[in-house]
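Residue numbers (UniProt numbering), protein chains in the order written: chain A, 1 to 165; chain B, 1 to 165.
For glycine and all other residues, C-beta sits at the position ideal for the given N, C-alpha and C.
Bear in mind the structure is a predicted one, so any value in this text is a computation, not a measurement.
Inspection log for the structure reproduced underneath, given as structure tokens.
Protein chains: 2
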Amino acid sequence: MSSSTVEKKATPEDYPRFMQTAYEQALKSRSEGGIPIGAALIHLPTSRVLSRGHNNRVQLSSNVRHGEMDCLENLGRVPEGLLRECAMFTTLSPCIMCSATCILYKIPLVVLAENQNFLGGEQLLRDNGVEVVNLNDENITKMMKDWIDSPQGSVWNEDIGEVSK
Amino acid sequence: MSSSTVEKKATPEDYPRFMQTAYEQALKSRSEGGIPIGAALIHLPTSRVLSRGHNNRVQLSSNVRHGEMDCLENLGRVPEGLLRECAMFTTLSPCIMCSATCILYKIPLVVLAENQNFLGGEQLLRDNGVEVVNLNDENITKMMKDWIDSPQGSVWNEDIGEVSK
């Protein structure tokens, strides 16, 4: 929930605050020994945080629970069409799986912290009418790069369908 | 596992047998009150069934567990690159989320039973080098149509991101 007691329509000046929620999920995953990618689903008409999630590959031995997917799983079923009023915030450019999931549910806005460490399905999103905003967050970019370069980062290729050299 | 005791490379003549495994998953889901879409992941060099799954929207209140995704979740983590040797069998044309997931993991072959009840991301699969085979299975097509037309089928629009009229 927003700390505000009055619900209001989300605007771009709210985006850093929502991204902070996603970032906290990334840090939570890292603290659990997992991949530090987090997500938050925001209901745009009210600015409410409907759901949070983080990559759970390591924690749940999951092939599917990237941050954005975990966020949608934590949400559970919602009324038809509700996701059309939501934005997906994610600390990293969403891979093609997560991008396509946003397209399936007609999520109109995806906000990412950075795409320097990985460039996902941003063009597919745009080709399907989804607005994509990159906050170019230097702090989150550094966090992810440091993790990829660390011993724990050896799981990274598996997460994006690549094979280590 | 294959009923054969000798592992052998899968060929198109094996496809109906693998689809039967996916179909049994669809029937299992229907018997649980769920959406009757099933999937099976086949290791092509050995013809082994590595994993089975079915739509779990109703059963798990899930936005993500379409049949193909559930199959990958039931698999759990596997060595890097193993999925590049596998085929995804599914009783219905895979939606854009499931198609993109196959692309992410570089699954080279998707075999579907039918696309009369729903046409998913088949073109996206082909555009990304994935072979797509449609078995045009009349029995499975009728099963899915009968379900969509039944009272239980009211959940169908939610599963594909649509809104009921």
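- Close to N117(A), with beta-carbon spacing below 8 Å, lies no residue of chain B; the smallest spacing is near 16 Å.
- Following the DSSP letters along the chain, one finds A39(B) inside the beta strand (DSSP E) bounded by residues 38 to 43.
- By the criterion of a C-beta distance shorter than 6 Å, N128(B) is surrounded in its chain by I103, once the five residues flanking it on both sides are discounted.
- Less than 8 Å divides the Cβ of I148(B) from the Cβ of N117(B).
- Here R65(A) is buried, its C-beta having at least 16 other C-beta atoms within 10 Å.
- Any Cβ of chain B closer than 8 Å to the Cβ of L92(A) would place that residue at the interface, and such an atom is absent.
- Cβ neighbours of P12(B) within its own chain (closer than 8 Å, five residues either side excluded): V133.
- Chain order gives no chain A residues near N56(B), where near means a beta carbon separation below 8 Å; the closest approach is about 10 Å.
- Around the beta carbon of S47(B), a 10 Å sphere encloses 16 or more other beta carbons of the protein chains shown; the residue is thus reported as buried.
- Listed in chain order, the alpha helix (DSSP H) runs fully inside the region 57 to 95 of chain B are 57 to 60, 67 to 75, counting runs of at least 4 residues.
- Around the beta carbon of N139(A), a 10 Å sphere encloses fewer than 16 other beta carbons of the protein chains shown; the residue is thus reported as exposed.
- Per DSSP, reduced to three states, the secondary structure at G121(B) is coil, with no helix or strand assignment.
- Using a Cβ-Cβ cut-off of 8 Å, M88(B) does not count as an interface residue toward chain A, since no Cβ of chain A sits closer than that to its own.
- Residue environment analysis places Q123(B) among the exposed positions, since fewer than 16 neighbouring C-beta atoms fall within 10 angstroms of its C-beta.
- Residue contact check for Y23(A) against chain B: no CB pair falls below 8 Å.
- Going by DSSP, L50(A) is part of the beta strand (DSSP E) stretching over 48 to 54.
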